[in-house]
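**Q** Pasting a structure below so you can have a look.
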Amino acid sequence: MNKFRKVFRLVSFLALPCLLLGCGYRAPMYKTVVTVDPGTFTSVREDYRDLAALLTSDTEMPPTDSNTLSMLPDAKEKFALLLDDMRGAEESVYIEHFRVRLDSIGTVFTDILKDKAHAGKDVRLIVDKGASVREDKKGHMALREDGVKSYLYHRPRWLQDFIWPSKGAHREHRKIVLVDGQTAYMGGRNIQDKYFQWRDCDIRIAGPAVKDLGEVFLSTQMQVAPDLPPLKITDESARKAVNDSIPGLVQYRQKTVQIIPESPFDKHLPIRNCFEWAISHSKHYFYFYTPYTPPPESILKALKDAAGRGVDVEWIVPGTNDVGPAKWMGESLYRELLLAGVKILEWQGSILHTKQFISDNYLTAIGSANMDNMSFFLNLEVEAVIYDEEIALDACRLFREDAAVRCVPVTLEDVRRWSIFRKLRNWIARALVGSIS
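Quick note: the sequence shown uses the numbering used here, first residue 1, plus one each step.
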């Protein structure tokens, strides 16, 4: 019964607002006008400068160079590094997260926040209220007694949200941790026991991009606590840890990164624009992981068109999804994508929660955004777009290894053998969420 209630609440919360509001209500309102000269982005390869200009026009955040990056697909490695950085904080810890569940991992995490606040450090926490259970909400508010500046991002307003897109319809889906204005973590992994048993990917950043992530955090803080003092993040602090060396950690140095925040309160759709541009301009391959779908029709069309012109388009999708309806919606896309030449590979074993794409040995994007309408239109999200051959080649190698060792390909014959019930269920799931041009 508890499982049924969870599924029912999820369907009502995710599907009905999409159906009644239309996730794409922002899409026809604004068109991006590129106001930046692509030639100014000399650290970006020439054939990708139009993308950098497009995203800068959308977000007012240009690419930054001289960043040090580490990719963290391994949960234990990410958690150990994150805790070490937090324990070593000398001035500040700022966290903007979809979910910080007060289980064993979350308790370790919040205990460090309390210790740092007791030591007089500036500790701020913003967590999505809709993703928090009652015990977590109480626990997060209790952190204030320990000196943590803790806030819950807007609660769902249910019936009101169905009628008009208000703040409660928009979830705080970002996952950002900022330490001393020097290092940042972002990606797809929430702070909860189960997420550290799943396959996901995060990124550790030191360098100028940290200041941009501070601006993203500040934009959310202004909605929930506009009177707090300024953040302790400067251009100087963001560059302090660039040359730090961490034993055993692969660190990519002198890399160009563009931070792409998505907010339903802004006039543009930068993450959707990024995905669509990358797919439409891919020449050799476009590989992506995403656990939740469907995307807008424009993205579906771009994927099919890319496959049609000979691009190797491959999607690694969870074989088992933590959200049943998400699995059904994903399956509803299989036939049309397979017919167009897109390759679909189902992940075997643990849950796949990675949100990442790699294209043409140069472009990599990693962050909190799924390739779905919620991420593109309704949620607060953030992506790191990396313009670099070395990182793209390593990410491509990992994708190819995942595809060969950890996945099973889906064929048209597999889809044809599905039962009538399964096909009907998938069709209904797709119809509920709808497709947005």
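The beta carbon of each residue, even a glycine, is placed where N, CA and C say it ideally should be.
(1) Could you check what DSSP says for T107 in three-state terms: helix, strand or coil?
(2) State the beta-bridge partners of L125 as determined by DSSP.
(3) Where do the N-terminal and C-terminal ends of the beta strand (DSSP E) with C201 fall, by residue?
(4) On a CA-only basis, which of D50, V44, R45 is nearest D438? Give me that one, please.
(5) In the DSSP assignment, find the unbroken beta strand (DSSP E) run with M71 in it and report its ends.
(6) Under three-state DSSP, which class holds P270?
(7) Run through the DSSP bridge pairs and tell me what T256 is partnered with.
(8) Quick one, are the C-beta atoms of D266 and H284 less than 8 Å apart?
(9) Along the chain, where does the beta strand (DSSP E) that runs through T293 open and close?
(10) For L339, verify whether its CB is less than 7 Å away from any heavy atom of the ligand GTP.
(11) Out of V317, A431, F376, W277, which has the shortest C-alpha to C-alpha gap to L269?
(12) Check this for me: beta carbons of E381 and A369, under 8 Å apart or not?
(13) With DSSP run on the structure shown, which of helix, strand or coil describes R335?
(14) Any idea if R309 is buried or exposed, counting beta-carbon neighbours within 10 angstroms, 16 or more meaning buried?
(15) Which first and last residues belong to the alpha helix (DSSP H) in which L55 is found?
(16) Can you give me the Cβ contacts of E96 inside the same chain, cut-off strictly under 6 Å, excluding the 5 residues immediately before and after it?
(17) Using alpha carbons as the reference points, say which of L102, G39, K76, L412 lies closest to G139.
(18) Is it right to say K78 is buried, meaning 16 or more other beta carbons lie within 10 angstroms of its own, or is it exposed?
(19) For the structure I just gave you, are there three or more beta carbon pairs, one from the segment 192–210 and one from the segment 238–258, closer than 8 Å?
(20) Is G310 helix, strand or coil when you go by DSSP?
(21) Hey, could you find the ends of the alpha helix (DSSP H) L81 is sitting in?
(22) Roughly how far, in whole angstroms, is the beta-carbon of Y153 from the beta-carbon of K129, given that I think they are within contact range, below 8 Å?
(23) If you compare alpha carbons, which of D74, G214, A302, F41 is closest to R124?
(24) Would K355 be called buried (16 or more neighbouring beta carbons within 10 Å of its own) or exposed?
(25) DSSP three-state call for I246: helix, strand or coil?
(26) When the distance is taken between beta carbons, is D394 closer than 8 Å to P294?
(27) To which residues of the same chain is T256 closer than 8 Å at the C-beta, ignoring the five residues directly before and after it?
(28) Where does the unbroken beta strand (DSSP E) through Q356 begin, and where does it stop?
(29) Output needed for A278: all residues of its chain with C-beta closer than 8 Å, excluding positions within five of it in sequence on either side, in chain order.
(30) Pick helix, strand or coil for I420, following the three-state DSSP scheme.
(31) Suppose you measure from the CA of L113 to the CA of L178; what does that come to, to the nearest Å?
(32) From which residue to which residue does the beta strand (DSSP E) around E346 run?
(33) What do you get for I420, buried or exposed, if any count of 16 or more other CB atoms within 10 angstroms of its CB means buried?
(34) Between L338 and L412, which are expected to be in contact by the criterion C-beta below 8 Å, what is the C-beta distance as a whole number of angstroms?
(35) Return the chain-ordered list of same chain residues with a C-beta closer than 6 Å to the C-beta of N426, the five sequence neighbours on each side being excluded.
(36) Please state whether the Cβ-Cβ distance between C201 and L55 is less than 8 Å.
**A** On the basis of the coordinates in this document:
(1) What you label residue 107 is simply residue 107 of the sequence shown in a count that begins at 1. For T107, the secondary structure class from DSSP, reduced to helix, strand or coil, is helix.
(2) The sequence position of residue 125 within the sequence shown is 125, counting from 1. Its beta-bridge partners are I95, S150.
(3) Against the sequence shown, residue 201 aligns to sequence position 201. Neither: C201 is in no beta strand (DSSP E) and is coded neither H nor E.
(4) A query on residue 438 cannot be resolved here, the shown segment of the chain reaching from 1 to 437 and no further.
(5) As a working note, residue 71 is residue 71 in the sequence shown. Residues 64–72.
(6) Residue 270 sits at position 270 when you count from the first residue of the sequence shown. In the three-state reduction of the DSSP assignment, P270 falls in the helix class.
(7) Walking along the sequence shown from the start, residue 256 turns up at place 256. Beta-bridge pairing links T256 to Y387.
(8) Along the sequence shown, one-based indexing puts residue 266 at 266. Along the sequence shown, one-based indexing puts residue 284 at 284. No, Cβ-Cβ distance for D266 and H284 is not below 8 Å.
(9) Position 293 of the sequence shown, counting from 1, holds the residue named residue 293. In the DSSP annotation of this structure, T293 is not part of any beta strand (DSSP E), being labelled neither H nor E.
(10) The ligand GTP is absent from the structure shown, which contains no ligands of any kind.
(11) To locate residue 269, count along the sequence shown from 1; it is residue 269. Comparing Cα positions, the closest option is F376.
(12) Numbered from 1 along the sequence shown, position 381 holds the residue referred to as residue 381. Numbered from 1 along the sequence shown, position 369 holds the residue referred to as residue 369. A369 is positioned such that its CB atom lies closer than 8 Å to that of E381.
(13) Taking the sequence shown and counting its residues from 1, one reaches residue 335 at position 335. Of the three classes helix, strand and coil, the one that applies to R335 here is helix, per DSSP.
(14) Counting from 1 along the sequence shown, the entry for residue 309 is found at position 309. That one is exposed.
(15) Start at 1 with the first residue of the sequence shown, and residue 55 comes out as number 55. Segment 49–59, the alpha helix (DSSP H) holding L55.
(16) Counting from one through the sequence shown, the residue named residue 96 turns up at place 96. For E96, where only same-chain residues beyond five positions count, the Cβ hits under 6 Å are I126, R174, I176, F217, T220.
(17) Position 139 of the sequence shown, counted from the first residue, corresponds to residue 139. For G139, the closest of L102, G39, K76, L412 by C-alpha to C-alpha distance is L102.
(18) Your numbering for residue 78 matches position 78 in the sequence shown. Looking at its Cβ environment, which holds 16 or more other Cβ atoms inside 10 Å, K78 is buried.
(19) A contact is defined here as three or more CB-CB pairs under 8 Å, and the segment 192–210 meets this definition with respect to the segment 238–258.
(20) Your numbering for residue 310 matches position 310 in the sequence shown. Note: G310 maps to coil in three-state DSSP.
(21) To locate residue 81, count along the sequence shown from 1; it is residue 81. From DSSP, the alpha helix (DSSP H) with L81 extends over 75–87.
(22) Looking up residue 153 in the sequence shown gives position 153. Looking up residue 129 in the sequence shown gives position 129. That pair is a contact at about 6 Å.
(23) Start at 1 with the first residue of the sequence shown, and residue 124 comes out as number 124. A check of alpha carbon separations from R124 across D74, G214, A302, F41 identifies G214 as the nearest.
(24) In the sequence shown, the residue the question calls residue 355 occupies position 355. Residue environment: K355 is assigned as buried (16 or more neighbouring CB atoms within 10 Å of its CB, all protein chains considered).
(25) Against the sequence shown, residue 246 aligns to sequence position 246. In this structure, I246 counts as coil in the three-state DSSP scheme.
(26) On the sequence shown, position 294 is the one that residue 294 refers to. On the sequence shown, position 394 is the one that residue 394 refers to. The Cβ atoms of P294 and D394 lie no closer than 8 Å to each other.
(27) Reading the sequence shown from its first residue, position 256 is the one you call residue 256. Cβ within range, chain order: S43, V44, P63, T64, D65, N67, I386, Y387, D388.
(28) Locating residue 356 in the sequence shown gives position 356, counting from the first residue. Note, Q356: beta strand (DSSP E), 356–359.
(29) Indexing the sequence shown from 1 puts residue 278 at position 278. Answer for A278: L51, F286, F357, S359, L363, A365, listed in chain order.
(30) Numbered from 1 along the sequence shown, position 420 holds the residue referred to as residue 420. In this structure, DSSP gives I420 a helical state, which the three-state scheme calls helix.
(31) By one-based count along the sequence shown, residue 113 stands at place 113. By one-based count along the sequence shown, residue 178 stands at place 178. When rounded, the distance between both Cα atoms is 12 Å.
(32) Walking along the sequence shown from the start, residue 346 turns up at place 346. Run containing E346: 343–347, per the beta strand (DSSP E) assignment.
(33) Along the sequence shown, one-based indexing puts residue 420 at 420. Exposed.
(34) Along the sequence shown, one-based indexing puts residue 338 at 338. Along the sequence shown, one-based indexing puts residue 412 at 412. Rounded to the nearest angstrom, the Cβ distance from L338 to L412 is 5 Å, consistent with a contact under 8 Å.
(35) What you label residue 426 is simply residue 426 of the sequence shown in a count that begins at 1. Close CB contacts of N426 within its chain, under the 6 Å cut and outside five residues either way in sequence, are with W328, E331, S332 (chain order).
(36) The residue you call residue 201 lines up with position 201 of the sequence shown. The residue you call residue 55 lines up with position 55 of the sequence shown. For C201 and L55, no; Cβs fall outside 8 Å.
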